[in-house]
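**Student:** This is the structure I have questions about; it appears just below.
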Amino acid sequence: MSWKKIVEFSRYPVAFVALFVQIFLIIAMFLFAALAFTPPDTPPQEGQTLGAVVVYGFVIGLFLSFTLWEIGFSIREEQTRGTLEALYLSPANKFSSLVARVFAILLWVTAVSAFAIFFVGSVVGGLPVQNAGLALVVLLFSVSGFLGIAFVFAGVTIKLKETAQFLVSFLQFFFMIFSAQFFPFAALRSASPLIVDGVSRWLPVSYSVDAFRSLLIGTENGKFPELAPIEVEIAIVVLFGIISPIVGYWVYKRIERSARREGTLGEY
965 MSWKKIVEFS
975 RYPVAFVALF
985 VQIFLIIAMF
995 LFAALAFTPP
1005 DTPPQEGQTL
1015 GAVVVYGFVI
1025 GLFLSFTLWE
1035 IGFSIREEQT
1045 RGTLEALYLS
1055 PANKFSSLVA
1065 RVFAILLWVT
1075 AVSAFAIFFV
1085 GSVVGGLPVQ
1095 NAGLALVVLL
1105 FSVSGFLGIA
1115 FVFAGVTIKL
1125 KETAQFLVSF
1135 LQFFFMIFSA
1145 QFFPFAALRS
1155 ASPLIVDGVS
1165 RWLPVSYSVD
1175 AFRSLLIGTE
1185 NGKFPELAPI
1195 EVEIAIVVLF
1205 GIISPIVGYW
1215 VYKRIERSAR
1225 REGTLGEY
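Here our numbering is used: position 254 in the sequence shown is 1218, and no number is missing along the way.
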């Protein structure tokens, strides 16, 4: 299944290039917009911290978005092609078939993230990189947690079909805003404290964003982390990475079993 996805991606090289350019345009848009409102006498370290907030949050958002699209909406693509039922009739393990959909794109996202960090670092004169090992652990558990969300969305896709693409777009922008992927939570709190306390604190993705960039920027300056002590945030992310895929796959199996009974699994 992983090789199948790699072969599919290799058949559309122009789409790959367009996606690569699109990602860097998004980063540049947010980065230069932030720098435009930064006072000219700002110390270089502040500019580097600002760039780190943008790009490290963007890395988490990138993994979340592609996980949702490649696991969730690829089910819809299989329905459109008429191959979903054939895959289910094969002896391939159903869980492996589902997870393999994200394998190829995660390799691609990892490469894009590395280029994005290099790009932003060259613009702002370098980025702080501390606690890289622990930050990688947070990233891995975050991706595991995102798989759980994607499993639920894959099940919802079986029911909603074409409407599901609007749902994933909504979720993408919802987490982008309320999990403060391109700006610090302080900016969100200055807009309205109720947003942070009433929404952001209840989203595990928010702790993934805050813990990942806090570890890489450094927790010694007193500005990061912003939601909770770093030990608490790491614990939340680890629990999220363990519980989310289990619950998400259980939800997916229930919806998928219902669709198979109704005969709508491969229905266009």
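Positions of the beta carbon are idealized from the N, C-alpha and C atoms, including for glycine.
Would you call R1065 buried or exposed, if buried means 16 or more other Cβ atoms sit within 10 Å of its Cβ?
**Tutor:** buried
**Student:** For F1067 and F973, what's the separation of their Cα atoms in angstroms?
**Tutor:** Cα to Cα, the separation comes out at about 12 Å.
**Student:** Go ahead and pull the three-state DSSP assignment for D1161.
**Tutor:** helix
**Student:** Compare the Cα-Cα distances from L1167 to each of I1069, A1151 and A1144 and report the closest residue.
**Tutor:** Among I1069, A1151 and A1144, the Cα nearest to that of L1167 belongs to A1144.
**Student:** Are Q1094 and G1011 close, meaning C-beta to C-beta below 7 Å?
**Tutor:** no
**Student:** Helix, strand or coil: which one does DSSP assign to K1187?
**Tutor:** In the three-state scheme derived from DSSP, where H, G and I count as helix and E and B as strand, K1187 is classed as coil.
**Student:** Would you mind reading off the limits of the alpha helix (DSSP H) that contains L1203?
**Tutor:** I1194 to E1226
**Student:** Look up M993 in the DSSP assignment and say whether it is helix, strand or coil.
**Tutor:** helix
**Student:** So, is M993 buried or exposed, given that buried needs 16 or more other C-beta atoms within 10 angstroms?
**Tutor:** exposed
**Student:** If I measure Cβ to Cβ from V1201 and keep anything under 8 Å in the same chain, skipping five residues before and after, which residues do I get?
**Tutor:** Answer for V1201: V1102, F1105, S1106, G1109, P1168, Y1171, S1172 and A1175, listed in chain order.
**Student:** Between the region 1122-1131 and the region 1140-1158, are three or more C-beta pairs nearer than 8 Å?
**Tutor:** No, they do not touch.
**Student:** Quick check: does the Cβ of M965 come within less than 6 Å of any heavy atom belonging to the ligand HEM?
**Tutor:** What this structure holds is no ligand at all, so the ligand HEM is not there to describe.
**Student:** Name the two residues that bound the continuous alpha helix (DSSP H) containing Q1145.
**Tutor:** Annotation for Q1145: no alpha helix (DSSP H) segment contains it, and DSSP assigns it neither H nor E.
**Student:** Grouping DSSP H, G and I as helix and E and B as strand, with all else coil, what is A1056?
**Tutor:** Three-state DSSP puts A1056 in coil, outside helix and strand.
**Student:** Is the beta carbon of V1087 less than 7 Å from the beta carbon of F1030?
**Tutor:** No; because the gap between Cβ atoms is not below 7 Å, this pair is not in contact.
**Student:** Out of P1003, A997, G1025 and T1047, which one is the CA nearest neighbour of K968?
**Tutor:** T1047
**Student:** Roughly how many angstroms separate the alpha carbons of I987 and V1017, rounded to a whole number?
**Tutor:** Computed Cα separation, rounded: 16 Å.
**Student:** Taking F1059 as the reference, which of G1112, A1080 and N1185 has the closest Cα?
**Tutor:** G1112
**Student:** Can we say the region 1114-1122 touches the region 1215-1225, given the rule of at least three CB pairs closer than 8 Å?
**Tutor:** yes
**Student:** Is it right to say V1255 is buried, meaning 16 or more other beta carbons lie within 10 angstroms of its own, or is it exposed?
**Tutor:** Missing from the structure shown is residue 1255; the chain here goes from 965 to 1232 and no further.
**Student:** Which class does R1153 belong to by DSSP, given the choice of helix, strand or coil?
**Tutor:** R1153: helix per DSSP, three-state reduction.
**Student:** Below 8 Å on the Cβ atoms is my guess for I991 versus V1019; work out the distance and round it to an integer in Å.
**Tutor:** 7 Å
**Student:** Hey, does A997 have any beta-carbon neighbour from chain C nearer than 7 Å?
**Tutor:** Protein chains in the displayed structure number just one, and chain C is not present.
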